[in-house]
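Chemist: Below is one structure. I have some questions about it.
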Amino acid sequence: MVKILRRNGFEGFEGTTVADWMCLVKHESDYNTKAYNNNGPSRDYGIFQINSKYWCNDGRTPGSKNACRISCSKLQDDNIDDDIRCAKMIAREAHGLSPWTVTDGGGEYRPLTERENYAEM
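Take the UniProt record's numbering: the final residue in the sequence shown is number 121, and no numbers are missing along the way.
What follows is the structure, given as structure tokens:
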């Protein structure tokens with residue numbers, strides 16, 4: 001995954017590092033391209049856990065913006081090229097990773113601001 005992120009220009013993208021993105025995909029989806037999370041009124045899809053309210057269309061989320069102009073099901077296949085394009089669009093709009101949250105282990109969600117050390121990878 002580190003090589004894929006580096007090859008796709010994530011190092012330095014909107015002030016982030018590959019380590020930041022590795023932390024994100026680890027904690028959001030555990031590197032699972034088929035990950036799915038039902039948040040009630042909207043759902044998160046794929047390795048980057050992209051939300052159906054704003055970014056993709058799952059046909060079930062009322063008022064979906066579909067800013068990435070993609071079906072949410074396309075975010076759950078093993079080809080992550082479209083996931084990467086959408087994740088970068090999200091990060092570009094937010095100037096970083098603030099749209100994503102991770103659990104602190106106690107069920108409390110917080111903005112993704114801390115990262116694990118992936119420098120040795």
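The beta carbon of each residue, even a glycine, is placed where N, CA and C say it ideally should be.
Which value, in whole angstroms, describes the spacing of the CA atoms of I4 and P62?
Modeler: Going by the C-alpha atoms only, they are around 33 Å apart.
Chemist: Less than 7 Å between C-beta atoms, sequence neighbours within five positions excluded: which residues of the same chain meet that for G96?
Modeler: Closer than 7 Å at the Cβ level, and outside the excluded window around G96, lie E14, G15, T16.
Chemist: Which term fits D81, buried or exposed, when burial requires 16 or more other beta carbons within 10 angstroms of its beta carbon?
Modeler: It counts as exposed.
Chemist: Considering only residues of the stretch 23-62, which uninterrupted beta strand (DSSP E) runs meet the minimum length of 3 residues and lie entirely inside it, listed in chain order?
Modeler: Whole beta strand (DSSP E) segments, 3+ residues: 36-38, 43-45.
Chemist: According to the Cβ coordinates, are N57 and Q49 closer than 9 Å?
Modeler: Contact: no.
Chemist: What three-state label does DSSP hand S73 in the structure shown?
Modeler: It is helical.
Chemist: How would you call Y45, buried or exposed, if buried means at least 16 neighbouring beta carbons within 10 angstroms?
Modeler: It counts as buried.
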